[in-house]
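Residue numbers (full-length UniProt numbering): 1 to 526. C-beta atoms are modelled at their ideal positions from N, C-alpha and C, and glycine is treated no differently. All remarks here apply to the structure that follows.
Structure below.
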C-alpha cells in the first residue's frame with residue numbers, strides 16, 4: 001500500500017484526480033506510508049538544500065575578484081556550497097549540516113588554473129560518510145528543486161513552485177528583519193522543506209495548516225511541530241533529527257474509502273472486459289449474426305473493451321503510483337489522451353446505436369453499407385478529431401499539462417460538450433422509439449393501454465443503459481466532504497464500470513434469443 005490515494009470520478013468523459021499523496025523520490029510501503037512526508041532525514045535534506053542554495057546564490061552575486069589569477073565563483077553542487085576560490089587553489093568546506101559529521105569533517109574541491117571548478121563527480125565525499133549513490137540522490141533531489149526555482153520566475157510558474165519560493169523568502173525575511181521574539185526560552189524559526197515554522201516558546205506546539213500542494217494532504221487539517229522545554233525542536237527518536245508531524249494531514253478513514261472506490265472501479269472494469277470478450281466471441285462465431293445491427297454492436301463493444309483495458313492499465317500503473325503522476329512523463333500524458341479518445345468513442349457509438357434503431361423504425365429503406373460508413377466516421381473519426389483538438393489546446397497550456405493531465409481543466413469542455421449533445425440526442429431517440437412503440441401497440445392490441453404501458457416500460461429500461469442516458473446523472477456530484485458524497489462515489493463506480501456489463505447482458509440476451517428462434521424455425525421446417 002502507498003501513502004496516498006487517487007480517486008476518480010468520470011463526468012462527461014472526465015476522469016480526474018481528486019486527492020492523492022506523493023512528494024518523494026522512492027517507494028514506501030505499509031505504515032511508513034503515513035510518515036512519508038514526515039521522513040525526518042528527507043526533511044532535513046530538503047531544508048538544507050533550499051537554505052544553502054539560497055545563501056550560495058547571494059554569495060555568487062557579490063562583486064567578483066578582479067585580480068589575477070581569476071577566481072572560481074561560488075557554486076552549490078547539491079551537497080556543499082563552495083565559496084569563491086582562487087584559480088589553482090583547493091577549496092575546503094565542512095560537511096553538509098544535516099549529517100552527524102557536520103563541522104567535524106571536511107571535503108575538498110579544486111579550482112583549476114582557468115577558474116573552472118573540478119567536476120562534481122570527481123569530488124570525494126567519503127570523509128562526510130556519503131557514498132556515490134547518496135551523493136547522486138542528493139543531486140537529483142536538488143535538480144528537482146532547481147526546476148521549481150527556475151519555473152517560479154516565469155509567469156507560467158506552477159503554483160506549488162511559487163508558493164514554496166515565497167515561503168522560503170518569508171522565512172529568510174523574518175530572520176533578516178526585526179521581528180518580535182517570544183520572551184524566555186524558545187525554538188528558532190525553521191523551514192523544513194514544506195512549511196515555515198515560526199519562533200515557538202519552549203514547551204509549546206506550533207500548529208500550521210497542512211501544505212495544500214502535497215498531493216493527498218487535506219489543507220483543512222493541521223500539522224504540528226513541538227518545541228521541547230530546553231528550547232530545541234522535538235527530535236525523532238529513530239533519526240535524531242528535528243521532526244514535523246504531518247501524519248495528521250491524511251484522513252485515513254477517507255483514504256480507505258477511496259481505495260475501496262478504486263477497487264470497485266477495477267473490479268467492474270475487469271468483469272466488463274470478460275463479458276465483452278464473451279459477447280464478441282458469440283458475434284464473430286455465428287454467420288447468421290452478420291448484419292448492420294450486429295456490426296454496430298461489435299464496434300460499440302470493441303470501443304468498450306479497449307476503453308476498459310486502458311482504464312485497468314491507468315489504475316494499475318498511474319493511479320497507484322504518485323511518483324508517476326509527479327514526474328508527468330510523456331507516456332503518461334499520451335495514455336490520458338488515449339483514454340479520453342476511447343471514452344468519447346464510447347458515447348459516439350452509443351449515439352450510433354440510438355440513431356440506427358431510430359432509422360430502422362422511421363426510415364424503411366436504408367443502404368447498409370452507406371449507413372456503416374457514416375457510423376464509422378461518427379464512431380471513430382469524430383472522437384479522433386475532438387481528442388486531437390483537446391490535446392493540442394491542453395498541451396499548449398503549462399498549467400493544464402501537469403500531473404499526467406489529471407487536474408480539472410476548462411479544456412475538458414472540448415470533449416464534454418459533444419458528449420452532452422450525444423446524450424441529449426439519445427434521449428430524443430429514446431422518447432421517439434417509445435412513442436412509435438406505443439402507437440403501433442395501440443393499433444394492434446385489443447387492450448392497448450396496459451399492454452402498451454408494460455412494453456413501453458420494458459423498452460425504456462432496456463434502452464436507457466443501451467443509449468448511455470443514465471450518465472446524465474453522474475455530473476451532478478456533491479462537493480468533497482459534503483453529505484451524500486460517498487454515496488455518489490459508490491454509485492458512480494458501480495454505474496460507470498459496470499455499464500458495459502448492462503449493455504452486454506441486454507445484447508447477448510437479445511441475440512441469443514434471435515439465434516434460438518432461427519434454429520428452432522429451421523428444425524421445425526425439416
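> What did DSSP end up calling residue 132 once you bin it into helix, strand or coil?
Replying inline: Mapped onto the chain shown, residue 132 falls at position 132. Helix, per DSSP.
> By the 10 Å Cβ neighbour count, where 16 or more other Cβ atoms means buried, how is residue 227 classified, buried or exposed?
Replying inline: Along the chain shown, read from residue 1 onward, the residue named residue 227 stands at position 227. Its Cβ being crowded by 16 or more others within 10 Å, residue 227 is buried.
> What does DSSP give as the partner residues of residue 224 in its beta bridges?
Replying inline: Your numbering for residue 224 matches position 224 in the chain shown. 207 and 245.
>> DSSP three-state label for residue 402, please.
In response: Taking the first residue of the chain shown as 1, we reach residue 402 at position 402. It is coil, neither helix nor strand.
>> Does residue 61 come out as helix, strand or coil in the three-state DSSP assignment?
In response: The count along the chain shown starts at 1 and reaches residue 61 at position 61. Three-state result, residue 61: coil.
> So the beta strand (DSSP E) residue 353 belongs to, where does it begin and stop?
Replying inline: For this step, residue 353 is matched to residue 353 along the chain shown. Taken as a continuous stretch (DSSP letters only), residue 353 belongs to no beta strand (DSSP E), being part of the alpha helix (DSSP H) at 330-362.
> Does the segment 107-125 touch the segment 69-84, meaning 3 or more C-beta pairs lie closer than 8 Å?
Replying inline: yes
>> Can you give me the C-alpha to C-alpha distance between residue 243 and residue 421, rounded to a whole angstrom?
In response: Position 243 of the chain shown, counting from 1, holds the residue named residue 243. Position 421 of the chain shown, counting from 1, holds the residue named residue 421. Distance between the alpha carbons of residue 243 and residue 421: 54 Å.
> Can you round the beta-carbon distance between residue 311 and residue 339 to whole angstroms, since I take them to be within the 8 Å contact cut?
Replying inline: Here the question's residue 311 lines up with position 311 in the chain shown. Here the question's residue 339 lines up with position 339 in the chain shown. Contact holds; Cβ gap of about 7 Å.
>> Quick check on residue 53: buried or exposed, where buried means 16 or more other Cβ atoms within 10 Å of its Cβ?
In response: Within the chain shown, the letter at position 53 stands for residue 53. Buried, by the Cβ-count rule.
>> Within a Cβ cutoff of 7 Å, which residues of the same chain sit near residue 352, ignoring the five residues on either side of it in sequence?
In response: Numbered from 1 along the chain shown, position 352 holds the residue referred to as residue 352. 296, 375, 378 and 379, listed in sequence order.
>> In whole angstroms, give me the CA-to-CA distance for residue 59 and residue 206.
In response: As a position in the chain shown, residue 59 is number 59, starting the count at 1. As a position in the chain shown, residue 206 is number 206, starting the count at 1. Distance between the alpha carbons of residue 59 and residue 206 is about 32 Å.
> Can you name, in chain order, every residue of its own chain whose Cβ lies under 6 Å from the Cβ of residue 299, other than the five neighbours on each side?
Replying inline: For the purposes of this step, residue 299 is identified with residue 299 of the chain shown, where counting begins at 1. If we look at residue 299 and ignore the five residues flanking it on each side, its Cβ neighbours are 349 and 379.
> Using CA coordinates, which residue listed in 98, 411, 258 and 99 is at the minimum distance from residue 529?
Replying inline: Lying outside 1 to 526, the shown extent of the chain, residue 529 is not represented and no answer is given.
>> Taking its Cβ as the centre, do 16 or more other Cβ atoms sit within 10 Å of residue 362, making it buried, or is it exposed?
In response: Stepping through the chain shown from its first residue, residue 362 is reached at position 362. Per the 10 Å Cβ criterion, exposed.
> Considering only residues of the same chain and omitting the five flanking positions on each side of residue 80, which have a CB-CB separation below 7 Å?
Replying inline: The count along the chain shown starts at 1 and reaches residue 80 at position 80. If we look at residue 80 and ignore the five residues flanking it on each side, its Cβ neighbours are 93, 96 and 107.
>> According to DSSP, is residue 116 part of a helix, a strand, or is it coil?
In response: Working through the chain shown from its first residue, we reach residue 116 at position 116. The answer is coil: DSSP assigns residue 116 none of H, G, I, E or B.
> Nearest-angstrom Cα distance between residue 184 and residue 208?
Replying inline: On the chain shown, residue 184 is found 184 positions in, with the first residue counted as 1. On the chain shown, residue 208 is found 208 positions in, with the first residue counted as 1. C-alpha separation (whole angstroms): 22 Å.
>> Just to confirm before moving on: does the CB-CB distance between residue 387 and residue 344 stay below 8 Å?
In response: Sequence index remark: in the chain shown, residue 387 carries index 387 (1-based). Sequence index remark: in the chain shown, residue 344 carries index 344 (1-based). Yes, they are a contact pair.
> When the Cα atoms are used, what is the spatial distance from residue 89 to residue 119?
Replying inline: Locating residue 89 in the chain shown gives position 89, counting from the first residue. Locating residue 119 in the chain shown gives position 119, counting from the first residue. Answer to the nearest angstrom: the Cα atoms are 15 Å apart.
> Hey, how far is the Cα of residue 129 from the Cα of residue 188?
Replying inline: On the chain shown, position 129 is the one that residue 129 refers to. On the chain shown, position 188 is the one that residue 188 refers to. Residue 129 and residue 188: Cα-Cα distance of roughly 28 Å.
> Taking DSSP as the reference, what is the three-state secondary structure of residue 407?
Replying inline: Here the question's residue 407 lines up with position 407 in the chain shown. Note: residue 407 maps to coil in three-state DSSP.
>> For residue 258 and residue 321, what's the separation of their Cα atoms in angstroms?
In response: Reading the chain shown from its first residue, position 258 is the one you call residue 258. Reading the chain shown from its first residue, position 321 is the one you call residue 321. Between residue 258 and residue 321, the C-alpha separation is close to 15 Å.
> To which residues does DSSP link residue 262 through a beta bridge?
Replying inline: Against the chain shown, residue 262 aligns to sequence position 262. Answer by DSSP bridge pairing: none, since residue 262 is not bridged.
> If you draw a straight line from the alpha carbon of residue 46 to that of residue 302, how long is it in whole angstroms?
Replying inline: Locating residue 46 in the chain shown gives position 46, where the first residue counts as 1. Locating residue 302 in the chain shown gives position 302, where the first residue counts as 1. Taking the straight line joining both Cα atoms gives about 49 Å.
> Just the Cα atoms here: how many angstroms apart are residue 402 and residue 336?
Replying inline: As a working note, residue 402 is residue 402 in the chain shown. As a working note, residue 336 is residue 336 in the chain shown. So the alpha carbons of these two residues sit roughly 12 Å apart.
> What does a CB cutoff of less than 8 Å around residue 324 pick up in its chain, not counting 5 residues either side in sequence?
Replying inline: For the purposes of this step, residue 324 is identified with residue 324 of the chain shown, where counting begins at 1. So the list reads 317, 318, 332 and 404, once near-sequence residues are dropped.
> For the alpha helix (DSSP H) that residue 292 lies in, which residues bound it at each end?
Replying inline: What you label residue 292 is simply residue 292 of the chain shown in a count that begins at 1. Where residue 292 is concerned, the enclosing alpha helix (DSSP H) stretches over 292-314.
>> Using only the alpha-carbon positions, how far apart do residue 99 and residue 240 sit?
In response: If you number the chain shown from 1, residue 99 lands on position 99. If you number the chain shown from 1, residue 240 lands on position 240. So the alpha carbons of these two residues sit roughly 11 Å apart.
>> Let me check one thing: in DSSP terms, what residues is residue 108 bridge-paired to?
In response: Position 108 of the chain shown, counting from 1, holds the residue named residue 108. Answer is 92, bridged to residue 108.
>> In this structure, how does DSSP classify residue 75 when only helix, strand and coil are distinguished?
In response: Taking the chain shown and counting its residues from 1, one reaches residue 75 at position 75. Strand at residue 75.
> Do you know how far the Cα of residue 109 is from the Cα of residue 83?
Replying inline: On the chain shown, residue 83 is found 83 positions in, with the first residue counted as 1. On the chain shown, residue 109 is found 109 positions in, with the first residue counted as 1. Roughly 10 Å separates the two Cα atoms.
>> Need the endpoints of the alpha helix (DSSP H) that residue 126 sits in, please.
In response: Residue numbering aside, residue 126 sits at position 126 when the chain shown is read from its first letter. Counting along the chain, residue 126 falls outside any alpha helix (DSSP H), and DSSP gives it neither H nor E.
>> Please return the same chain residues whose Cβ sits closer than 8 Å to the Cβ of residue 182, not counting the five positions on each side in sequence.
In response: Counted from its first residue, the chain shown places residue 182 at position 182. Excluding residues within five positions, the ones whose Cβ falls inside 8 Å are 199, 200 and 201.
>> For residue 235 and residue 256, I'd like the C-alpha separation in whole angstroms.
In response: Numbered from its first residue, the chain shown carries residue 235 at position 235. Numbered from its first residue, the chain shown carries residue 256 at position 256. Taking the straight line from one Cα to the other gives about 30 Å.
> Can you tell me the Cα-Cα spacing of residue 347 and residue 423, whole angstroms?
Replying inline: Counted from its first residue, the chain shown places residue 347 at position 347. Counted from its first residue, the chain shown places residue 423 at position 423. Their Cα atoms are separated by approximately 8 Å.
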